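In this note's numbering, the protein residues as written are 1049 to 1592.
The structure under discussion appears below in the form of structure tokens.
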């Protein structure tokens, strides 16, 4: 026996394993110590919030004068223009920032510090330099590493940044997930971009390269609408409600003041972006978008119709999840109305649950054509969500629902010829991202009404996150979505069907040269399918 305090010698061959064990132990101790030290951090108890609302005196702005001319022949109606092409959606935001004279109200779940994120921050900063009041409301779930940028923006006298439901631990967010999971698990998923309280953009796109066709590795097929007329005030009212809510914290109260030289660092970052060859190529593509050509020729078309904004109450993130009066879903069901002929659903994260599955099956059995487009396993960016959906798939098929699962990479079809851009629904881009997947959230009823917004058909949208969107009385837009189910979607997605014996499922890949049948989920190997099978049995559906 070795004497006390003397470390016994070990064979040399065991030293590497011992070193690994000691290293792992130290990492674990450091992690636990980090949780102990930061897990008890809390948000400031008393916060000075200056209440503000959307500016009302904007009819004499450049945008106001143009809107007044366009709306004169359509009293009481809102003008709607779909933003389908990814570069169009980016261009629209830049143009609005450049044309704004009085205010910009921006509300987003994600704002990345990549090429398009930096370019839009620059456009917002330049607007503030002209005297435009900027209110930027960001959910705090995806701001990791951006505190210096946000502090520098917030330091501008005409820009105010607020963080919704922020993390108390800025550098070790895992501490909040351990100590305050119920709160930080609930997020603001809303998305809107409003200039001068005259023009707004609402839809599914966040701010980031993958949403605007600037990322060649991954791209999201998405959909926004640009709106003018009475519906803009409804968006502004929603923004004001969230901006002045108890969960919206002035950035300075959470992240502290800007560092010296913060503004210079921003300008340096923007200069670097403009020197990037890929960014230069992207901006050139943006300048050649259909929307820019329409704006240059004063030919931007709007459909004049009735539209209404639906949204959750911001206190949803603080209240029990069973408070139906705080949830958007009942409003959405009422506004869309009961389908009598067709219900077409596009949702990248589709987890209908037991009740939703029964409702869809009941509609199908009552003679309503129910069609769903979601991501395939090989296209999804969130495997647990696919697991939540897949366990309801067979029941939906047996009940008469038609299921399509988007093929990987097919979300961004190539231009038909030089200079053309595909104008399909529910949204597209044009740079050919190799790992494109569905991100649009849109539903059409009877080819008459359509919803465009942030709401997914899953438990998270229903019970945990706040959401928003617009319901539009538009046979044109609703009919276009339904026609895509008739024509384009069957060639860009796998049709999921019951096998002839009714016991299993098969995936049909339809191409011009014929059909290919798969007995297992196409494009996914056995390990990935086994992982999905495992996730299906976990009690995590309420988180999805």
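Cβ coordinates follow ideal geometry from the N, Cα and C atoms, glycine included.
Here the structure is a predicted model, which means the values were calculated and not measured.
- Within the DSSP bridge table, the entry for residue 1269 names 1486 as partners.
- Membership of residue 1516 in any alpha helix (DSSP H) is not indicated; the residue belongs instead to the beta strand (DSSP E) covering 1516 to 1521.
- If you ignore the 5 residues before and after residue 1241, its C-beta comes within less than 6 Å of the C-beta of 1141, 1154, 1249, all in its own chain and listed in chain order.
- In summary, residue 1381 is exposed, with fewer than 16 beta-carbon neighbours lying within 10 Å of its beta-carbon over all protein chains present.
- In this structure, residue 1307 sits near residue 1199, with a CB-CB distance shorter than 9 Å.
- By the Cβ test, the region 1193 to 1210 is not in contact with the region 1275 to 1285, since fewer than three Cβ pairs between them sit closer than 8 Å.
- Annotated three-state conformation of residue 1190 is helix, per DSSP.
- The continuous beta strand (DSSP E) containing residue 1130 extends over residues 1126 to 1131.
- Check the Cα spacing between residue 1187 and each of 1325, 1437, 1296, 1324: the tightest is with 1296.
- According to the DSSP assignment, residue 1251 belongs to the beta strand (DSSP E) that extends over 1247 to 1251.
- The beta carbon of residue 1384 sits closer than 7 Å to those of 1491, 1493, 1497, 1499, 1519, all from its chain and outside the five residues before and after it, given in chain order.
- Spatial neighbours of residue 1122 in its own chain (CB-CB distance under 8 Å, excluding positions within 5 residues in sequence) are listed in chain order as 1277, 1352.
- Taking the C-beta atoms as reference points, residue 1091 is found nearer than 9 Å to residue 1216.
- The alpha-carbon of residue 1546 is positioned some 34 Å away from that of residue 1522.
- In the DSSP assignment, residue 1155 falls within the beta strand (DSSP E) that extends over 1151 to 1156.
- Judged by their CB atoms, residue 1533 and residue 1392 are nearer to each other than the 9 Å cut-off.
- Residue range 1431 to 1446 is occupied by the alpha helix (DSSP H) that includes residue 1434.
- Contact annotation: residue 1151 and residue 1211 have beta-carbon atoms that are not nearer than 9 Å.
- In the DSSP assignment, residue 1141 falls within the unbroken alpha helix (DSSP H) covering 1134 to 1147.
- Residue nearest to residue 1304 within the set 1535, 1442, 1095 is 1095 (criterion: CA-CA distance).
- Under a 10 Å Cβ-count criterion, residue 1177 is classified as exposed, with fewer than 16 other Cβ atoms of the shown protein chains found around its own Cβ.
- Excluding its 5 nearest sequence neighbours in each direction, residue 1100 has no C-beta neighbour in its own chain below 6 Å.
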